[in-house]
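Colleague:
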Amino acid sequence: MNPSVFRTASRHFQSANRLCRASAASRNASVRGYATAFNWEDPLVTSDLYTEEELAIQDTARQYCQERLLPRVLDAYRNENYDRQILTEMGELGLLGASIEGYGCAGVSTVASGLITKEVERVDSGYRSGMSVQSSLAMTAIHDFGTQELKDRLLPDLAKGKLAGCFGLTEPNHGSDPGSMETVAREHPTKKGYYLLSGTKTWITNSPISDIMIVWAKLQTTGKIRGFVVERSQCPPGTMETPAIKNKTALRASITGMIQLDDCPVPAENMFPEVQGLAGPFTCLNSARLGIAFGAMGALEDCLSRARTYALERKQFKGNPLAKYQLIQKKLADAATDAAYGTLAATQVARLKDAGKCTPEMISMVKRQNCDRALANSRMYASPFSCLLCLRHDIFYKTLG
Ligand SMILES: Cc1cc2nc3c(=O)[nH]c(=O)nc-3n(C[C@H](O)[C@H](O)[C@H](O)COP(=O)(O)OP(=O)(O)OC[C@H]3O[C@@H](n4cnc5c(N)ncnc54)[C@H](O)[C@@H]3O)c2cc1C
Numbered sequence: 001m002n003p004s005v006f007r008t009a010s011r012h013f014q015s016a017n018r019l020c021r022a023s024a025a026s027r028n029a030s031v032r033g034y035a036t037a038f039n040w041e042d043p044l045v046t047s048d049l050y051t052e053e054e055l056a057i058q059d060t061a062r063q064y065c066q067e068r069l070l071p072r073v074l075d076a077y078r079n080e081n082y083d084r085q086i087l088t089e090m091g092e093l094g095l096l097g098a099s100i101e102g103y104g105c106a107g108v109s110t111v112a113s114g115l116i117t118k119e120v121e122r123v124d125s126g127y128r129s130g131m132s133v134q135s136s137l138a139m140t141a142i143h144d145f146g147t148q149e150l151k152d153r154l155l156p157d158l159a160k161g162k163l164a165g166c167f168g169l170t171e172p173n174h175g176s177d178p179g180s181m182e183t184v185a186r187e188h189p190t191k192k193g194y195y196l197l198s199g200t201k202t203w204i205t206n207s208p209i210s211d212i213m214i215v216w217a218k219l220q221t222t223g224k225i226r227g228f229v230v231e232r233s234q235c236p237p238g239t240m241e242t243p244a245i246k247n248k249t250a251l252r253a254s255i256t257g258m259i260q261l262d263d264c265p266v267p268a269e270n271m272f273p274e275v276q277g278l279a280g281p282f283t284c285l286n287s288a289r290l291g292i293a294f295g296a297m298g299a300l301e302d303c304l305s306r307a308r309t310y311a312l313e314r315k316q317f318k319g320n321p322l323a324k325y326q327l328i329q330k331k332l333a334d335a336a337t338d339a340a341y342g343t344l345a346a347t348q349v350a351r352l353k354d355a356g357k358c359t360p361e362m363i364s365m366v367k368r369q370n371c372d373r374a375l376a377n378s379r380m381y382a383s384p385f386s387c388l389l390c391l392r393h394d395i396f397y398k399t400l401g
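Shown next as structure tokens:
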């Protein structure tokens, strides 16, 4: 385990222990199998399914996100101002590529990694997007498919947030249908051991700030999709540009851009040696999608918490709090139920993944369901709690993840 995340997590073991003891005490105090208290923040006591280490890691992530990310998000969202320093801070805490073993990564369980994502998205979906792309897309691609030299050289600095990474699959003419991509890699006509990459990727999270770009392109000789690690520092001027895409209507706290390649020379060693076709990008996207399943529940829990506070404090009709009315209570109960079910389902799929029993269909199912529920509930809150729509507008784009 990464020493920094372990040290920070250790500081929270005590409180995690207290939590466990408290839940054991409430079990002892139960009468005929019923606990004495209902916790609306964890209605199905999902926390009982987590190890002490996982609870401590969640605690560390929550503390960082609430203390360091939350104060920045309003400005970031309003002004589309992504602070690059965030990746460095996350790297120092061991939050990047957290489930990867070795290379300076934390090597935690998929559940712990999901809980980190949940805490980040509790603050903002754009921040989660930036972290997911670095961890699940750029780092996982290098870890799962890269040569040993690429792993040794790049993963430790990506884990620390010293290098920023992105993942270029989508193209202007091919989004849902990446198999039709036009970006091509052809052998360099004069420089042996090099490919020339040409084409355009768009809607690429982190691209304007990235040092390392995973680019999926068709090999001219075979027509097969291959993955390339494009290093900004190695690209001659004029061969690679990453203009930002401004004026997004959501995910504004993340930075998004293009990757424009014009005969950009890339060493043959930077091509992933084994993986061919869409199996490469889809493996990475599966990892990111499971994170989104957790993240969406963090965003939903945040909506629920804000709506609950508002409904309790806002007094209407003869001075009654809105929460007194059953139509409002139903909306809160629906969201609490969806958040609890969704977190349980994501936890189960993450456990199965660590046990080698997970299928991509399970990830698609839990990601689709959790995004749908987060979206439906946030839309529902938009009517009685119109202020919340503005606060969590980011959820509306989550289904694109
Ligand atoms: C903020 C943001 C960040 C992103 N980050 C990245 C990134 O880091 N890397 C990356 O590679 N990509 C990224 N993307 C791209 C994203 O993955 C694509 O937007 C997505 O794949 C959809 O492609 P498209 O936008 O071209 O939509 P289109 O393919 O044009 O689809 C338009 C609509 O048609 C629907 N549709 C498409 N095909 C079908 C079908 N067969 N049946 C029914 N409906 C269909 C789609 O669901 C969609 O609603 C990002 C996008 C956004 C908005």
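For the sequence shown, the UniProt record's numbering begins at 1 and goes up steadily by one.
Glycine included, every Cβ here is placed at the ideal spot set by N, Cα and C.
Please read these numbers as outputs of a predicted model, since none were measured by experiment.
DSSP state of Asn81, grouped into three classes?
Modeller: coil
Colleague: Can you tell me whether DSSP reads Gly107 as helix, strand or coil?
Modeller: coil
Colleague: Taking C-beta to C-beta, are Leu261 and Val215 nearer than 8 angstroms?
Modeller: yes
Colleague: Provide the residue(s) that pair with Trp216 in DSSP beta bridges, ordered along the chain.
Modeller: Gly227
Colleague: Do Arg122 and Cys166 come within 8 angstroms of each other at the CB atom, strictly closer than that value?
Modeller: no
Colleague: Check residue 408 in the structure and name its three-state DSSP category.
Modeller: Limits of the chain in this structure are 1 at one end and 401 at the other, which puts residue 408 out of reach.
Colleague: Could you name the residues that DSSP lists as bridge partners for Asn320?
Modeller: Gln316
Colleague: Using only alpha-carbon positions, find the residue among Ser132, Ala296 and Glu231 that is nearest to Leu150.
Modeller: Glu231
Colleague: According to DSSP, is Ile245 helix, strand or coil?
Modeller: coil
Colleague: So which of Met213, Ala217, Leu285 and Glu53 has the shortest CA-CA distance to Glu187?
Modeller: Ala217
Colleague: If you drop the 5 nearest sequence neighbours on each side, which residues of the same chain put their C-beta closer than 8 angstroms to that of Ala22?
Modeller: Bear in mind that the predicted position of Ala22 carries a pLDDT of just 46, short of 50, making it too unreliable to give a figure here.
Colleague: Can Leu352 and Met365 be called in contact, C-beta distance under 8 angstroms?
Modeller: no
Colleague: Ligand 1 heavy atoms versus the CB of Phe167: any closer than 7 angstroms?
Modeller: yes
Colleague: Any chance the CB of Val120 is under 7 angstroms from a heavy atom of ligand 1?
Modeller: no
Colleague: For a test of your reading of the model: does the CB of Ile204 fall under 7 angstroms from any non-hydrogen atom of ligand 1? Yes or no.
Modeller: yes
Colleague: What ranges does the alpha helix (DSSP H) occupy inside the stretch 122-184, keeping only unbroken runs of at least 4 residues that lie completely in it?
Modeller: 125-132, 140-145 and 148-160
Colleague: Any heavy atom of ligand 1 closer than 7 angstroms to the beta-carbon of Ser180?
Modeller: no
Colleague: In terms of residues, what are the limits of the alpha helix (DSSP H) holding Gln66?
Modeller: Gln66 -> no alpha helix (DSSP H), and no H or E assigned at all.
Colleague: Determine contact between the stretch 152-162 and the stretch 195-205, defined as no fewer than three beta-carbon pairs at a distance below 8 angstroms.
Modeller: Not touching, per the Cβ criterion.
Colleague: Provide the residue(s) that pair with Thr200 in DSSP beta bridges, ordered along the chain.
Modeller: Its beta-bridge partners are Gln260.
Colleague: What is the DSSP secondary structure of Tyr341, reduced to helix, strand or coil?
Modeller: Note: Tyr341 maps to helix in three-state DSSP.
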